[in-house]
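Undergrad: Residue numbers (the numbering used here): 29 to 283.
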């Protein structure tokens, strides 16, 4: 009976992971749907859902970074600095999520998605011909990486949801921002997943199903992102973020 119940759940998790992976590869923000769906639709505790998602992001980070790196869409110097700061931030987030109020975490995810979506939709891009590395100095880059790691580990969003809208708002090209979002997933996910294992909040069955789905969807999304116009990418990103925020807000209001 348990096996029969587990099979549909595994298939559902696989489907959620595939859709999220496609979105992550395409616009860098698909991870935002995982924790809300797992917690609201399947009753998975928020901390467990966030930890399982982090395991999956190891694979999507590697696949996405490879795909965007091949196309020259990643500023490697800035990526290294952001990742350096993300490691301690993600470890702290893996500890915080164990005791955080699930309602507050879900409100935070909905708020992040809504604000990021509005910025993507309404803020005009500022051109910076001298290149994105001028925007952040070394210390600022490490600090931003730490903040992204902390917020990502607590909310289970993997990094791109926080980093990509911020970079686009500061004038980065969309593909460059999404590429950095892929890269920062790696240290955030590895550190947060390791912390979840130590703190005992990781469900390996859920993590495995999500990982398989994410690995199927992410490369396909990365390919799509290099085939369509960047303005269309911004519109897609904004629509996904605002839609997710609205659905979460409605669900939270009804509970």
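Note that CB positions come from ideal geometry on N, CA and C, so glycine has one too.
Distance, Cα to Cα, residue 165 vs residue 210?
TA: Counting from 1 along the chain shown, the entry for residue 165 is found at position 137. Counting from 1 along the chain shown, the entry for residue 210 is found at position 182. So the alpha carbons of these two residues sit roughly 21 angstroms apart.
Undergrad: I want to know whether the segment 174 to 190 touches the segment 114 to 126 - three or more CB-CB distances under 8 angstroms.
TA: Verdict: yes, contact present.
Undergrad: Taking 9 angstroms as the cut-off, decide whether the C-beta atoms of residue 14 and residue 50 are in contact.
TA: The structure shown does not extend to residue 14, since the chain is modelled only from 29 to 283, so the question has no answer here.
Undergrad: What would DSSP say about residue 120, mapped onto helix, strand or coil?
TA: Taking the chain shown and counting its residues from 1, the one referred to as residue 120 is at position 92. If DSSP states are grouped into helix, strand and coil, residue 120 belongs with the helices.
Undergrad: Count the other C-beta atoms from every protein chain shown that fall within 10 angstroms of the C-beta of residue 69, then say buried if there are 16 or more, exposed otherwise.
TA: Residue mapping note: residue 69 aligns to position 41 of the chain shown, counting from 1. Classification for residue 69: exposed.
Undergrad: Select from 105, 248, 61, 221 the residue whose C-alpha is nearest the C-alpha of residue 167.
TA: Mapped onto the chain shown, residue 167 falls at position 139. Measuring from the Cα of residue 167, the nearest candidate turns out to be 105.
Undergrad: Between the beta-carbon of residue 223 and the beta-carbon of residue 121, is there less than 9 angstroms?
TA: The residue labelled residue 223 in the question sits at position 195 within the chain shown. The residue labelled residue 121 in the question sits at position 93 within the chain shown. Yes.
Undergrad: In the DSSP assignment, find the unbroken alpha helix (DSSP H) run with residue 215 in it and report its ends.
TA: Within the chain shown, numbered from 1, the residue matching residue 215 stands at position 187. Here the alpha helix (DSSP H) through residue 215 covers 202 to 227.
Undergrad: I need the straight-line Cα distance from residue 171 to residue 184, nearest angstrom please.
TA: Numbered from its first residue, the chain shown carries residue 171 at position 143. Numbered from its first residue, the chain shown carries residue 184 at position 156. C-alpha separation (whole angstroms): 19 angstroms.
Undergrad: In whole angstroms, give me the CA-to-CA distance for residue 268 and residue 79.
TA: Numbered from its first residue, the chain shown carries residue 268 at position 240. Numbered from its first residue, the chain shown carries residue 79 at position 51. Cα to Cα, the separation comes out at about 23 angstroms.
Undergrad: Short check: CB of residue 126 to CB of residue 202, under 9 angstroms?
TA: To locate residue 126, count along the chain shown from 1; it is residue 98. To locate residue 202, count along the chain shown from 1; it is residue 174. It is not a contact, given that the beta carbons lie outside the stated cut-off.
Undergrad: Just curious, the alpha helix (DSSP H) that residue 179 is in, first and last residue?
TA: Your numbering for residue 179 matches position 151 in the chain shown. 166 to 183 is the extent of the alpha helix (DSSP H) around residue 179.
Undergrad: Taking all protein chains shown into account, decide if residue 85 is buried (16 or more other Cβ within 10 angstroms of its Cβ) or exposed.
TA: By 1-based counting over the chain shown, the position of residue 85 is 57. Buried, since its Cβ has 16 or more Cβ neighbours within 10 Å.
Undergrad: Tell me which residues share the same chain as residue 131 and place their Cβ nearer than 8 angstroms to its Cβ, disregarding the 5 neighbours each side in the sequence.
TA: As a first step, residue 131 must be located in the chain shown, where it is residue number 103. Same-chain partners within the cutoff: 280.
Undergrad: In angstroms, rounded to a whole number, what distance separates the CA positions of residue 158 and residue 37?
TA: To locate residue 158, count along the chain shown from 1; it is residue 130. To locate residue 37, count along the chain shown from 1; it is residue 9. Residue confidence for residue 158 is low, a pLDDT of 42 falling below 50, so the modelled location carries little weight and cannot support an answer.
Undergrad: Excluding the 5 residues preceding and the 5 following residue 244 in the sequence, name in chain order all residues of the same chain whose CB lies nearer than 7 angstroms to its CB.
TA: Residue mapping note: residue 244 aligns to position 216 of the chain shown, counting from 1. Answer for residue 244: 46, 49, listed in chain order.
Undergrad: Buried or exposed for residue 73, going by 16 or more other Cβ atoms inside 10 Å?
TA: On the chain shown, residue 73 is found 45 positions in, with the first residue counted as 1. Exposed, since its Cβ has fewer than 16 Cβ neighbours within 10 Å.
Undergrad: Let me confirm a value: residue 278 is counted as buried when at least 16 other C-beta atoms fall within 10 Å, else exposed. Which label applies?
TA: For the purposes of this step, residue 278 is taken as the residue at position 250 of the chain shown. Label assigned to residue 278: exposed.
Undergrad: Locate the alpha helix (DSSP H) running through residue 247, then write down its first and last residues.
TA: The residue labelled residue 247 in the question sits at position 219 within the chain shown. That run of the alpha helix (DSSP H) goes 232 to 253.
Undergrad: Can you find the residues in the same chain that come closer than 8 angstroms, C-beta to C-beta, to residue 110, ignoring five residues on each side of it along the sequence?
TA: By 1-based counting over the chain shown, the position of residue 110 is 82. The residues are 169, 170, 172, 173, 176, 191, 208, 211, 212.
Undergrad: Relative to the C-alpha of residue 100, which residue among 233, 254, 89, 271 is closest?
TA: Translated into positions along the chain shown, residue 100 becomes position 72. Closest option to residue 100, Cα to Cα, is 254.
Undergrad: Please state whether the Cβ-Cβ distance between residue 81 and residue 102 is less than 9 angstroms.
TA: Your numbering for residue 81 matches position 53 in the chain shown. Your numbering for residue 102 matches position 74 in the chain shown. Not in contact: residue 81 and residue 102 (Cβ atoms no closer than 9 angstroms).
Undergrad: Would residue 260 be called buried (16 or more neighbouring beta carbons within 10 Å of its own) or exposed?
TA: The residue labelled residue 260 in the question sits at position 232 within the chain shown. Residue 260 is exposed by the Cβ-count criterion.
Undergrad: Buried or exposed for residue 233, please, with buried defined as at least 16 other CB atoms from any protein chain shown within 10 angstroms of its CB.
TA: In the chain shown, residue 233 corresponds to position 205, counting from 1. It counts as exposed.
Undergrad: For residue 67 and residue 128, what's the separation of their Cα atoms in angstroms?
TA: Against the chain shown, residue 67 aligns to sequence position 39. Against the chain shown, residue 128 aligns to sequence position 100. Going from the Cα of residue 67 to the Cα of residue 128 covers about 14 angstroms.
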